[in-house]
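Add 1 to a position in the sequence shown, counting from 1, and you land on the number used in my numbering. Step one of this worksheet: look at the structure below.
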Amino acid sequence: MSTKVSDHVLRRLREWGVEQVFGYPGDGINGLLAAWGRAENQPRFVQSRHEEMSALQAVGYAKFSGRLGVCAATSGPGAIHLLNGLYDAKLDHVPVLAIVGQTHRTAMGGSYQQEVDLHTLFKDVASEFVETVTVPEQLPNVLDRAIRTAYARRCPTAVIIPGDVQELDYSPPTHEFKMVPSSLDLSEWTTVPSEESLRRAAEILDSGDKVAILVGQGAAGARAEVERIATLLGAGVAKALLGKDVLSDELPYVTGSIGLLGTRPSYELMRDCDTLLTIGSSFPYTQFLPEFGKARGVQIDLDPHMVGMRYPYEVNLVGDARATLRRLIPMLTSEDTRGREWFDTVCDNVRHWNDVLDRRAQVSADPINPEYVARALDPLLPDDAIITSDSGSVANWYARHLTMRGDMRGSLSGTLATMGSAVPYAIGAKFAHPDRPVIALVGDGAMQMNGLAELITAAKYQDRWTDRRLVVAVWNNQDLNQVTWELRAMGGAPSFLPSQQLPDVQYAAFARSLGLTGVRVEKPQDVAAGWRAALEADGPAVVEFVTDPAVPPVPPHATWEQMEATAASILRGDPDGGAVLKQGFKAKVQEFLPGRERR
Numbered sequence: 002m003s004t005k006v007s008d009h010v011l012r013r014l015r016e017w018g019v020e021q022v023f024g025y026p027g028d029g030i031n032g033l034l035a036a037w038g039r040a041e042n043q044p045r046f047v048q049s050r051h052e053e054m055s056a057l058q059a060v061g062y063a064k065f066s067g068r069l070g071v072c073a074a075t076s077g078p079g080a081i082h083l084l085n086g087l088y089d090a091k092l093d094h095v096p097v098l099a100i101v102g103q104t105h106r107t108a109m110g111g112s113y114q115q116e117v118d119l120h121t122l123f124k125d126v127a128s129e130f131v132e133t134v135t136v137p138e139q140l141p142n143v144l145d146r147a148i149r150t151a152y153a154r155r156c157p158t159a160v161i162i163p164g165d166v167q168e169l170d171y172s173p174p175t176h177e178f179k180m181v182p183s184s185l186d187l188s189e190w191t192t193v194p195s196e197e198s199l200r201r202a203a204e205i206l207d208s209g210d211k212v213a214i215l216v217g218q219g220a221a222g223a224r225a226e227v228e229r230i231a232t233l234l235g236a237g238v239a240k241a242l243l244g245k246d247v248l249s250d251e252l253p254y255v256t257g258s259i260g261l262l263g264t265r266p267s268y269e270l271m272r273d274c275d276t277l278l279t280i281g282s283s284f285p286y287t288q289f290l291p292e293f294g295k296a297r298g299v300q301i302d303l304d305p306h307m308v309g310m311r312y313p314y315e316v317n318l319v320g321d322a323r324a325t326l327r328r329l330i331p332m333l334t335s336e337d338t339r340g341r342e343w344f345d346t347v348c349d350n351v352r353h354w355n356d357v358l359d360r361r362a363q364v365s366a367d368p369i370n371p372e373y374v375a376r377a378l379d380p381l382l383p384d385d386a387i388i389t390s391d392s393g394s395v396a397n398w399y400a401r402h403l404t405m406r407g408d409m410r411g412s413l414s415g416t417l418a419t420m421g422s423a424v425p426y427a428i429g430a431k432f433a434h435p436d437r438p439v440i441a442l443v444g445d446g447a448m449q450m451n452g453l454a455e456l457i458t459a460a461k462y463q464d465r466w467t468d469r470r471l472v473v474a475v476w477n478n479q480d481l482n483q484v485t486w487e488l489r490a491m492g493g494a495p496s497f498l499p500s501q502q503l504p505d506v507q508y509a510a511f512a513r514s515l516g517l518t519g520v521r522v523e524k525p526q527d528v529a530a531g532w533r534a535a536l537e538a539d540g541p542a543v544v545e546f547v548t549d550p551a552v553p554p555v556p557p558h559a560t561w562e563q564m565e566a567t568a569a570s571i572l573r574g575d576p577d578g579g580a581v582l583k584q585g586f587k588a589k590v591q592e593f594l595p596g597r598e599r600r
């Protein structure tokens, strides 16, 4: 039997080490589906409930494996559905390849059924590389280059293959004009800055008395080096949300997340420092960085396209974080020459904040305080757990209450902040690490958007995982809570119930209807037991917590203007106004109580 173009696509993916493709079938990729049958499902085709979920599963797989995520969809509607997940990959700098079908070449340009101008559709999201394969000889170069570009630029790329091309007999490019041969290998490479720029950076860092370090996901491979430079500089280390798993939160000088979802010690670290070192982060909110002119700055980033933004750094070091720090550290003076006052202050602030979080979690609510749900999970997490968080108010509790330690990993949709990413991320994570427990933290809005459907995917594939634990935790407050609080705090507008109120769905019961474990928790005293039941289940589990929507995700720097705006929203008739005032006051006052005094 002759080898078809579709057969060669799958063979080449296998040669690149691709073990699964997250996708959804359609007649635009019928040739590929037939090839999957001939290839005995290698690489494995992982069927989602929706193409957007396939793309997000590919993103989750890539984030937690460090390898290429691949998704596939049919022409027209299927290709369109991929976009949101691919934009998530683009904005968070994740290598993902999309393989999509197209109508036959003979019909292109004829307004044929499901014909969409896919080049135009993908030109922004896959701006680094998108190409249509029109003849078999073109395929190796297009596919290889798409994969190499995705890895090298940490971005999504797209390969479009018309249906009739998939069915053609494959023939490789020949040794002649107008042919482009290809090769498979992609060797490892490292970028490092010049010696002169490293010395300028060392001078700036050595001159600082109050050094702050900000790390993002680009520092993930440099944990030991970040710890060493923090010790040398007597620095506190704040983390962008995508860098939450870069360092252990058990280190006394790690101040936690930064920004609106961040911690008070991270806010104070940036407010009071005189020197800023940013490693592998493009944290966008300048107002959470030091005042301009108050701190000298050095940045380290692998991508020259991303340096020099966000803050007026004096030195921008373009290079791999680990390799750059290894060259920079020997140029710094010993920690013995530095005073301890700044370092001790940072550590004291971290200890006080942990007390504050503990007190906030213990504040009574109606019926369950959402902060307590996350706080109760923290000591129960296995040291090899992978945690995914959705967008919305649940991201606040993930950012502040979960202590990264051991080999834990965690991520969310950082820059796009799309709803509905936590469950498909978790499924992607299970295929990346089938021997590790995965916990998805989800708001009820995101769960209703797409999480319920993807429970079917989890049920379908659970037997593929050596550790079958996949816990989906739902904060059920019947409110699109983060937007509700943004309405109150940013605009002084009361909650608009027609847009914000959600129906009370029985998430645990739905899980049980699929043969999964389902636990519904309605009382604070049952929270820890609910978590244990889900974590001890032999297979995917849903644990839903009925939480109070009036508990505010109070920013670490809540301004009088925001407080006044929230009060104004209540005066204008917020339907939950009394509870909002009560819970907001109880949460904020915890910051000012001494020691471990309760409420």
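Just so it is clear, CB atoms sit at the ideal spot from N, CA and C, and this is done for glycine as well.
Check, Outcome
"According to the neighbour-count rule (16 or more other Cβ atoms, all chains shown, within 10 Å of its Cβ), is Lys-64 buried or exposed?", "buried"
"For the beta strand (DSSP E) containing Ser-412, list its first residue and its last residue.", "410-413"
"For Arg-45, which three-state DSSP category applies?", "strand"
"How far does the alpha helix (DSSP H) with Val-357 in it extend, from its first residue to its last?", "342-363"
"Just the Cα atoms here: how many angstroms apart are Ile-214 and Arg-265?", "15 angstroms"
"Taking only runs of the beta strand (DSSP E) that begin and end inside the region 129-191, which ones reach a length of at least 3 residues, in chain order?", "131-133 and 157-163"
"Going by other Cβ atoms of all chains shown within 10 Å of its Cβ, with 16 needed for buried, is Arg-600 buried or exposed?", "In this prediction, Arg-600 has a pLDDT of 33, which is less than 50 and means its spatial position is unreliable; nothing more can be read from the coordinates."
"Per DSSP, what are the beta-bridge partners of Ala-474 in this structure?", "Leu-442 and Val-544"
"Using the three-state DSSP reduction, which class does Gln-501 fall into: helix, strand or coil?", "helix"
"DSSP state of Ala-625, grouped into three classes?", "Given a span of 2 to 600 for the chain in the structure shown, any question on residue 625 remains unanswerable."
"What three-state label does DSSP hand Thr-121 in the structure shown?", "helix"
"Within a Cβ cutoff of 6 angstroms, which residues of the same chain sit near Thr-133, ignoring the five residues on either side of it in sequence?", "Ile-161"
"Where DSSP assigns a beta bridge to Leu-515, which residues make up the other side?", "Paired residues: none, contrary to the question."
"Out of curiosity, what's the CA-to-CA distance linking Thr-548 and Asp-304?", "42 angstroms"
"Does Asp-505 pass the burial test, meaning 16 or more other C-beta atoms within 10 Å, or should it be called exposed?", "exposed"
"Within the region 232-299, note down every full beta strand (DSSP E) run reaching 3 residues or more, in order along the chain.", "237-240, 255-258 and 276-280"
"For Asn-85, report the span of its beta strand (DSSP E) as first-last.", "Taken as a continuous stretch (DSSP letters only), Asn-85 belongs to no beta strand (DSSP E), being part of the alpha helix (DSSP H) at 84-93."
"Thinking Glu-226 and Arg-155 are a contact (beta carbons under 8 angstroms), I'd like their distance in whole angstroms, please.", "Wrong, their Cβ atoms sit about 20 angstroms apart, outside the cutoff."
"Roughly how many angstroms lie between the CA atoms of Cys-72 and Ser-422, to the nearest whole one?", "15 angstroms"
"Name the residue from Gln-21, Tyr-25 and Tyr-426 whose alpha carbon lies nearest to the alpha carbon of Arg-410.", "Tyr-426"
"Would the beta-carbon of Ser-412 fall within 9 angstroms of that of Asp-391?", "no"
"Roughly how many whole angstroms lie between the Cα atoms of Leu-515 and Pro-174?", "49 angstroms"
"Is Tyr-314 closer than 9 angstroms to Thr-279 when the C-beta atoms are compared?", "yes"
"Using a Cβ-Cβ cutoff of less than 8 angstroms, which residues in the same chain neighbour Asp-384 once the five nearest sequence positions on both sides are dropped?", "Arg-406, Gly-407, Asp-408 and Met-409"
"Since Leu-403 contacts Arg-470 with CB under 8 angstroms, what's their CB separation in whole angstroms?", "At roughly 17 angstroms, the Cβ-Cβ gap does not stay under 8 angstroms, so Leu-403 and Arg-470 are not in contact."
"Which residues bound the alpha helix (DSSP H) around Ile-205?", "196-208"
"List the whole-angstrom C-beta distance separating Leu-199 from Leu-329, where the pair is believed to meet the contact cut-off of C-beta under 8 angstroms.", "5 angstroms"
"Look at the Cβ atom of Ala-474, then the Cβ atom of Lys-431, and state whether they are nearer than 9 angstroms.", "no"
"In this structure, does DSSP put Asp-8 in helix, strand or coil?", "helix"
"Quick check: the region 75-94 against the region 448-465, are at least 3 beta-carbon pairs closer than 8 angstroms?", "no"
"Under 9 angstroms between the Cβ atoms of Gly-298 and Val-319?", "no"
"Quick check: does the Cβ of Lys-295 come within less than 8 angstroms of any heavy atom belonging to the ligand ATP?", "Here there are no bound small molecules, and the ligand ATP is not part of this structure."
"Among Gly-24, Asp-480, Arg-106 and Glu-129, whose alpha-carbon lies nearest the alpha-carbon of Pro-163?", "Arg-106"
"Could you tell me whether the Cβ atoms of Arg-401 and Gly-257 are closer together than 9 angstroms?", "yes"
"Check whether the region 80-98 touches the region 174-188, taking contact to mean three or more Cβ pairs, one atom from each stretch, closer than 8 angstroms.", "no"
"Short check: CB of Gln-218 to CB of Gly-244, under 9 angstroms?", "yes"
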